[in-house]
Amino acid sequence: MIVLKLSLNIFDIYCLYGIKYKTIKEIIMRNKKDDVLCEIVKASVIIEEKTGINRDEFDKYPSEDLIKILVGMLMPSQISFLKENLKGYEYPSDDKNIKWFCDAWSFYFYDRAE
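Numbering (this note's numbering), first residue to last: -3 to 110.
Pasting the structure below:
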């Protein structure tokens, strides 16, 4: 009996099902976007729990202070993930909390004077 070991990556699997490369890329980008949005929500919950401030009221407080609290609670890998995925990328969303978070994160890491 001969056993063949197949080494397939996600592209190979999708291609086996007849999905085109462009569609594969769209699926991967959609999944990445979902992962980032999930991390944004988790981060917002951390800020909410640590400060007692309701998410809908974040914009009434200095964003730098709230992000500083968050950064103190995150693992380095989480910070890197958010830095990598939020820098210069606009997430289409009507949710004001997501927009606030992206703007606050960007300001904290990239826009404020050192």
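Heads up, the beta-carbon is just placed ideally off N, CA and C, and yes, glycines get one too.
Three-state secondary structure (DSSP) of Gly48: Locating residue 48 in the sequence shown gives position 52, counting from the first residue. Gly48: coil per DSSP, three-state reduction.
Own chain partners of Ser102 with C-beta closer than 6 Å, once the 5 adjacent residues on each side are dropped: The sequence position of residue 102 within the sequence shown is 106, counting from 1. Excluding sequence neighbours, Ser102 sits near nothing in its chain.
Cβ distance (whole Å) where Ile43 is taken to contact Phe54 below 8 Å: Counted from its first residue, the sequence shown places residue 43 at position 47. Counted from its first residue, the sequence shown places residue 54 at position 58. Right, the Cβ-Cβ distance comes to about 7 Å (below 8 Å), so this counts as a contact.
Lys92 to Glu35 span [Cα, whole Å]: In the sequence shown, the residue the question calls residue 92 occupies position 96. In the sequence shown, the residue the question calls residue 35 occupies position 39. Rounded to the nearest angstrom, the two C-alpha atoms are 16 Å apart.
Spatial distance of Asp61 from Asp90 (CA atoms): Taking the first residue of the sequence shown as 1, we reach residue 61 at position 65. Taking the first residue of the sequence shown as 1, we reach residue 90 at position 94. Rounded to whole angstroms, Asp61 to Asp90 spans 24 Å at the Cα level.
Lys95 (DSSP reduced to helix, strand or coil): Against the sequence shown, residue 95 aligns to sequence position 99. DSSP places Lys95 in helix when its eight states are reduced to three.
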